[in-house]
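Student:
There are 2 protein chains.
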Amino acid sequence: MQIMEKDGVVKAQFEENELKKLTGEVSHVALDIGGSLIKMVFFCRDNNCSGHEHGNKSSKDTNGLTNGYSEYPVLKGKLHFLKFETKRINECVEFMSSKQFQSNGGCFCKAPACDKNIIKATGGGAFRFADLFKEKLGITLDKVDEMDSLVAGVNFLLKGVTGEAFTYMDGKNEYVQIDQNDLYPYLLVNIGSGVSMIKVDGDDKFERVSGTSVGGGTFWGLGKLLTKCKSFDELLELSHSGNNRVIDMLVGDIYGGTDYSKIGLTSTAIASSFGKAVSGNKELEDYRPEDVARSLLRMISNNIAQIAYLNALRFGLKRIIFGGFFIRGHAYTMDTISVGVDFWSKGEAKALFLRHEGYLGALGAFMSYKKDGLTDLITHHSASEPPKNLSNCSTVQDLNENGSIECTFQLSNWPV
Amino acid sequence: MQIMEKDGVVKAQFEENELKKLTGEVSHVALDIGGSLIKMVFFCRDNNCSGHEHGNKSSKDTNGLTNGYSEYPVLKGKLHFLKFETKRINECVEFMSSKQFQSNGGCFCKAPACDKNIIKATGGGAFRFADLFKEKLGITLDKVDEMDSLVAGVNFLLKGVTGEAFTYMDGKNEYVQIDQNDLYPYLLVNIGSGVSMIKVDGDDKFERVSGTSVGGGTFWGLGKLLTKCKSFDELLELSHSGNNRVIDMLVGDIYGGTDYSKIGLTSTAIASSFGKAVSGNKELEDYRPEDVARSLLRMISNNIAQIAYLNALRFGLKRIIFGGFFIRGHAYTMDTISVGVDFWSKGEAKALFLRHEGYLGALGAFMSYKKDGLTDLITHHSASEPPKNLSNCSTVQDLNENGSIECTFQLSNWPV
Numbered sequence: 213m214q215i216m217e218k219d220g221v222v223k224a225q226f227e228e229n230e231l232k233k234l235t236g237e238v239s240h241v242a243l244d245i246g247g248s249l250i251k252m253v254f255f256c257r258d259n260n261c262s263g264h265e266h267g268n269k270s271s272k273d274t275n276g277l278t279n280g281y282s283e284y285p286v287l288k289g290k291l292h293f294l295k296f297e298t299k300r301i302n303e304c305v306e307f308m309s310s311k312q313f314q315s316n317g318g319c320f321c322k323a324p325a326c327d328k329n330i331i332k333a334t335g336g337g338a339f340r341f342a343d344l345f346k347e348k349l350g351i352t353l354d355k356v357d358e359m360d361s362l363v364a365g366v367n368f369l370l371k372g373v374t375g376e377a378f379t380y381m382d383g384k385n386e387y388v389q390i391d392q393n394d395l396y397p398y399l400l401v402n403i404g405s406g407v408s409m410i411k412v413d414g415d416d417k418f419e420r421v422s423g424t425s426v427g428g429g430t431f432w433g434l435g436k437l438l439t440k441c442k443s444f445d446e447l448l449e450l451s452h453s454g455n456n457r458v459i460d461m462l463v464g465d466i467y468g469g470t471d472y473s474k475i476g477l478t479s480t481a482i483a484s485s486f487g488k489a490v491s492g493n494k495e496l497e498d499y500r501p502e503d504v505a506r507s508l509l510r511m512i513s514n515n516i517a518q519i520a521y522l523n524a525l526r527f528g529l530k531r532i533i534f535g536g537f538f539i540r541g542h543a544y545t546m547d548t549i550s551v552g553v554d555f556w557s558k559g560e561a562k563a564l565f566l567r568h569e570g571y572l573g574a575l576g577a578f579m580s581y582k583k584d585g586l587t588d589l590i591t592h593h594s595a596s597e598p599p600k601n602l603s604n605c606s607t608v609q610d611l612n613e614n615g616s617i618e619c620t621f622q623l624s625n626w627p628v
Numbered sequence: 213m214q215i216m217e218k219d220g221v222v223k224a225q226f227e228e229n230e231l232k233k234l235t236g237e238v239s240h241v242a243l244d245i246g247g248s249l250i251k252m253v254f255f256c257r258d259n260n261c262s263g264h265e266h267g268n269k270s271s272k273d274t275n276g277l278t279n280g281y282s283e284y285p286v287l288k289g290k291l292h293f294l295k296f297e298t299k300r301i302n303e304c305v306e307f308m309s310s311k312q313f314q315s316n317g318g319c320f321c322k323a324p325a326c327d328k329n330i331i332k333a334t335g336g337g338a339f340r341f342a343d344l345f346k347e348k349l350g351i352t353l354d355k356v357d358e359m360d361s362l363v364a365g366v367n368f369l370l371k372g373v374t375g376e377a378f379t380y381m382d383g384k385n386e387y388v389q390i391d392q393n394d395l396y397p398y399l400l401v402n403i404g405s406g407v408s409m410i411k412v413d414g415d416d417k418f419e420r421v422s423g424t425s426v427g428g429g430t431f432w433g434l435g436k437l438l439t440k441c442k443s444f445d446e447l448l449e450l451s452h453s454g455n456n457r458v459i460d461m462l463v464g465d466i467y468g469g470t471d472y473s474k475i476g477l478t479s480t481a482i483a484s485s486f487g488k489a490v491s492g493n494k495e496l497e498d499y500r501p502e503d504v505a506r507s508l509l510r511m512i513s514n515n516i517a518q519i520a521y522l523n524a525l526r527f528g529l530k531r532i533i534f535g536g537f538f539i540r541g542h543a544y545t546m547d548t549i550s551v552g553v554d555f556w557s558k559g560e561a562k563a564l565f566l567r568h569e570g571y572l573g574a575l576g577a578f579m580s581y582k583k584d585g586l587t588d589l590i591t592h593h594s595a596s597e598p599p600k601n602l603s604n605c606s607t608v609q610d611l612n613e614n615g616s617i618e619c620t621f622q623l624s625n626w627p628v
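As they're listed, the protein sequences go chains P and E.
Take any residue in the first sequence, count from 1 to its spot, add 212: that is its number in the numbering used here.
Take any residue in the second sequence, count from 1 to its spot, add 212: that is its number in the numbering used here.
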């Protein structure tokens with residue numbers, strides 16, 4: 213587990229040391245088990261918060277705000293984010309069976325109405341690994357649809373988290389506060405191992421309109437074969453110091469340094485990704501892995517941006533939100549995507565990124581706890597910066613440095 | 213130079229042995245110098261045809277057809293097609309300076325009005341290598357715009373050549389005769405090193421609406437790095453016996469063998485190209501080059517099909533014509549493109565292929581001889597199968613086995 217602080221953008225990664233400091237009660241774990249990564253979201257109650265006792269009918273939390281649903285307790289704490297590699301799923305299982313989760317298990321908790329053996333899970337792995345969780349932990353994975361989860365996760369973040377969305381261009385990120393009344397429609401582009409493109413028209417109104425198999429798994433998979441990098445992060449790091457012009461065939465390489473001005477292609481535009489590897493007698497070992505990684509990142513980012521734009525155009529969507537673990541706050545990725553969207557749309561469409569981009573599905577699965585009558589997550593505004601239209605969602609008061617989200621819960625099914 | 217006869221589709225490649233047999237007069241050479249390949253088209257007069265003498269005013273050709281422009285001679289012969297690798301441009305230069313071309317140079321010929329030192333050329337290399345041709349051969353390349361050439365080449369083929377266009381699906385190719393009155397609009401997708409997508413609305417009415425850098429150069433470049441193949445054709449050959457499921461992450465790999473039926477993805481759909489290379493400890497050497505080549509071909513073909521479809525959709529085009537040297541009549545490439553277009557368009561759009569797919573630009577440059585007043589190429593119908601609307605183009609009577617096209621010329625500037 214790593215903190216990602218790249219190019220001034222603090223990303224939502226959970227720090228291992230931070231984890232050890234957790235002393236509060238852990239509850240409501242949700243998983244998104246993808247092809248490459250397992251993403252986990254869980255709530256950890258602050259030790260010192262009031263209104264959290266079983267059966268407590270207090271209508272005030274520590275901030276002294278009156279709670280509309282006074283018969284239910286308010287839990288104050290943080291949402292935490294954690295990831296594991298899917299191929300190392302045993303680490304995830306071990307973590308969940310660890311003392312931390314066992315003794316303080318939350319929705320595996322003190323409430324009799326609450327079945328501690330069921331947790332929400334989404335992603336293909338919720339199907340694939342259902343037996344493993346049952347066998348090793350005695351836990352049943354309650355499967356939540358992948359697209360439902362992604363959309364619920366993004367909507368939660370856009371509505372509830374101040375400073376969540378931002379644009380990235382020319383090395384600068386700019387936070388964007390989206391007007392809640394002007395949120396829909398948008399195109400969600402979730403870049404995991406593969407890419408899903410979802411047109412979102414409302415809270416629960418959406419359609420998967422497109423996708424591509426050229427995604428994060430392609431970058432990592434091809435990158436691993438080409439560079440022998442041991443991890444996705446290492447490959448990203450490597451690409452940072454590379455020069456794609458060594459391997460990409462540019463318009464200028466074909467036109468002898470001149471632009472192809474008639475169709476608006478400058479001499480530095482990429483005519484053919486990896487096209488320069490064709491000429492000469494160079495083999496893989498003759499190229500610097502940095503340059504290979506850079507060309508690969510640029511090819512894939514650019515391609516996703518283009519397909520996203522074409523789909524946004526199809527449905528007249530001006531706002532394209534990019535999520536998924538591929539991006540990881542990496543400047544060059546975001547820059548290429550932003551430039552791609554800007555180029556193809558002639559400035560009409562805008563690429564937006566999210567601080568918790570990798571946890572959309574897991575957050576959505578987490579949100580689904582409120583849907584099945586087991587638990588209700590109630591809006592609770594921060595007095596200083598009240599979100600405008602939080603429809604029955606968790607409140608987010610702050611986004612701290614390691615990416616965890618401060619929030620409060622109200623549990624409707626808490627026994628009284 | 214090779215004959216490509218794959219899967220029952222005879223492709224327009226020029227055979228070296230065939231070249232040696234040429235005894236007729238060579239004239240009107242045109243070049244398309246791309247990032248990876250140089251494509252050449254030239255006319256070679258039959259030895260035994262009449263009406264070809266300098267100053268001959270005969271109004272009849274060998275078939276006895278009356279020619280409307282009786283003051284001009286009719287030359288009967290064949291259009292021939294030849295390719296060289298751009299990195300081996302000296303082979304092309306040597307070929308052009310060879311006895312064959314020197315002694316029989318055509319538009320470098322007996323006609324005083326005809327400047328033998330100027331030949332039509334398109335593609336970026338017409339700029340890049342202009343000095344080289346001047347220096348080595350004393351030839352000036354008369355540059356013809358790349359997009360103009362591509363469109364002129366396709367229109368010539370679609371209007372004039374019987375059995376040129378075909379669909380390919382499930383291992384079967386089906387020739388399509390397009391009604392000349394229903395030719396436009398169509399989307400031309402030319403897959404060279406990079407990919408250009410051109411909306412064609414009429415003979416000279418078109419617009420380059422999109423493109424992608426993930427093209428033939430990407431396949432060959434990445435493929436060379438990954439498999440150590442020595443040529444594009446070798447890589448294609450290799451892919452034929454590969455299995456992409458070894459490296460691609462399928463929906464079933466993520467969902468444990470089940471479909472993601474809610475959004476219509478079957479378990480065998482590719483979720484992430486090269487995504488399986490992420491898991492396990494396999495390195496490049498542990499994969500069969502065949503499987504790598506297959507995954508690569510599928511990724512790129514699929515991606516081009518998708519972007520092409522999205523652009524066709526944008527402009528309401530039902531017919532998508534794929535050309536360029538990437539395809540080479542390769543069954544799996546055409547099948548993936550066809551299936552991709554069919555899948556994304558829900559059967560609404562159709563992928564069409566061309567027998568002379570690799571020579572569109574060169575043919576278009578060749579056609580441009582008629583535009584500059586130097587030479588006029590006059591329609592001359594085959595009696596048995598008259599094309600309906602040949603607007604001042606060469607006549608094509610047949611397409612022989614090695615891909616050359618039988619035709620007749622009429623030269624308006626032939627001195628009388």
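Ideal placement from N, C-alpha and C gives every residue a C-beta, glycine not left out.
Source: prediction; values computed, not measured.
1. Could you check how far apart the C-beta atoms of P:S485 and E:V426 are, in whole angstroms? I think they sit under 8 Å.
2. Report the CB separation of P:G535 from P:L566 in whole angstroms; it is logged as a contact under 8 Å.
3. Between the segment 411-440 of chain E and chain P, which residues of the former have CB atoms less than 7 Å from a CB of the latter, in chain order?
4. Starting from the C-beta of P:N455, find all residues in its chain whose C-beta is less than 7 Å away, skip the five residues before and the five after it, and write them out in chain order.
5. Checking contacts by CB at 7 Å: is P:L522 closer than that to chain E?
6. Cutting at 7 Å between CB atoms, please list the residues of its own chain near E:I539, excluding the five before and the five after it.
7. Determine contact between the segment 248-259 of chain P and the segment 288-296 of chain P, defined as no fewer than three beta-carbon pairs at a distance below 8 Å.
8. Considering only DSSP beta bridges, list what E:L438 is partnered with.
9. According to DSSP, which residues form a beta bridge with E:V458?
10. Determine which residues of the segment 473-505 of chain E have a Cβ less than 9 Å from any Cβ of chain P, and write them out in chain order.
11. Skipping 5 residues on each side, what residues in its chain have a beta carbon closer than 7 Å to that of P:L370?
12. At a CB-CB cut-off below 8 Å, which residues of chain P make contact with E:M183?
13. Apart from the five residues on each side of it in sequence, which residues of its chain come closer than 7 Å, Cβ to Cβ, to E:I549?
14. Between which two residues does the alpha helix (DSSP H) holding P:A207 run?
15. Quick check on P:K582: buried or exposed, where buried means 16 or more other Cβ atoms within 10 Å of its Cβ?
16. When you compare only the Cα positions, how much space is there between P:Y387 and P:Y380?
17. I'd like the ranges of any beta strand (DSSP E) spanning at least 3 consecutive residues and lying wholly in the segment 477-532 of chain E.
18. Indicate the three-state DSSP secondary structure (helix, strand or coil) for P:N367 in the structure shown.
19. Return helix, strand or coil for E:E237, following the three-state DSSP convention.
20. Among the candidates E:V373, E:Y398, E:K348, E:L575, whose CA atom is the shortest distance from the CA of E:F307?
21. State the DSSP-derived secondary structure class of P:V551, mapped to helix, strand or coil.
22. Count the other C-beta atoms from every protein chain shown that fall within 10 angstroms of the C-beta of E:C605, then say buried if there are 16 or more, exposed otherwise.
23. Could you spell out the range, first to last residue, of the beta strand (DSSP E) harbouring P:G423?
24. Are the Cβ atoms of P:D244 and P:A574 separated by less than 7 Å?
25. Shorter than 7 Å from the beta carbon of P:R340 to some beta carbon of chain E?
26. Name the chain P residues that come within less than 9 Å of E:N515, Cβ to Cβ?
27. I'd like the span of the alpha helix (DSSP H) that includes P:I390, first residue to last.
28. From P:S408 to E:N329, what does the alpha carbon distance come to, in whole angstroms?
29. Report the three-state DSSP secondary structure of P:L291 (helix, strand or coil).
30. Please decide whether P:K332 counts as near chain E, where near means a Cβ-Cβ distance under 7 Å.
31. Report the neighbours of E:I466 on chain P: residues whose CB is nearer than 8 Å to its CB, in chain order.
32. So what does DSSP say about P:F255, is it helix, strand or coil?
33. So with CB distances below 7 Å, who are the chain A contacts of E:L525?
34. Interface residues of chain E around P:T470 at Cβ under 8 Å?
35. Just confirm the distance between the C-beta atoms of E:G429 and E:G541, as a whole number of angstroms; I'd bet it's less than 8 Å.
36. Does DSSP put P:K299 in a helix, in a strand, or in coil?
Tutor: Here's the rundown:
1. 6 Å
2. 5 Å
3. R420, T424, S425, V426, G427, G429, T430, W432, G433, L434, K436, L437, L438, K440
4. D503, R506
5. yes
6. I403, T545, M546, F565, E569
7. The segment 248-259 of chain P, when compared against the segment 288-296 of chain P, does touch it at the 8 Å Cβ threshold.
8. BP columns for E:L438 are empty, so no partner.
9. E:V458 pairs with nothing; no bridge assigned.
10. If the cut-off is 9 Å between Cβ atoms, the segment 473-505 of chain E has K474, I475, G476, L477, A481, I482, A483, S484, S485, F486, G487, K488, A489, V490, S491, G492, K494, E495, L496, Y499, V504 near chain P.
11. E376, A377, I390, L395
12. Residue 183 of chain E lies beyond the stretch modelled for chain E, which goes from 213 to 628, so this question has no answer here.
13. Cβ within range, chain order: S513, I516, A517, F534, A563.
14. Given that chain P is displayed from residue 213 to residue 628, the structure contains no residue 207 of chain P and the question cannot be resolved.
15. Counting C-beta atoms within 10 angstroms of its own C-beta, P:K582 has 16 or more neighbours from the protein chains shown and is therefore classed as buried.
16. Rounded to whole angstroms, P:Y387 to P:Y380 spans 9 Å at the Cα level.
17. 482-484
18. helix
19. coil
20. E:K348
21. In the displayed model, P:V551 falls within a helix according to three-state DSSP.
22. Its pLDDT being 25, under 50, E:C605 is placed unreliably by the model, and the measurement read from it follows with that caveat. Burial call: buried.
23. First-last of the beta strand (DSSP E) with P:G423: 418-424.
24. yes
25. yes
26. T424, S425, V426, N515, I519
27. From DSSP, P:I390 is part of no alpha helix (DSSP H); its letter is neither H nor E.
28. Taking the straight line from one Cα to the other gives about 55 Å.
29. strand
30. No, P:K332 lies away from the interface with chain E (no Cβ there is under 7 Å from its Cβ).
31. G246, G247, G335, G336, G337, R340, S405
32. strand
33. Of the protein chains in this structure, namely P and E, none is chain A.
34. F339
35. Rounded, the Cβ-Cβ distance is 19 Å, inconsistent with contact.
36. helix
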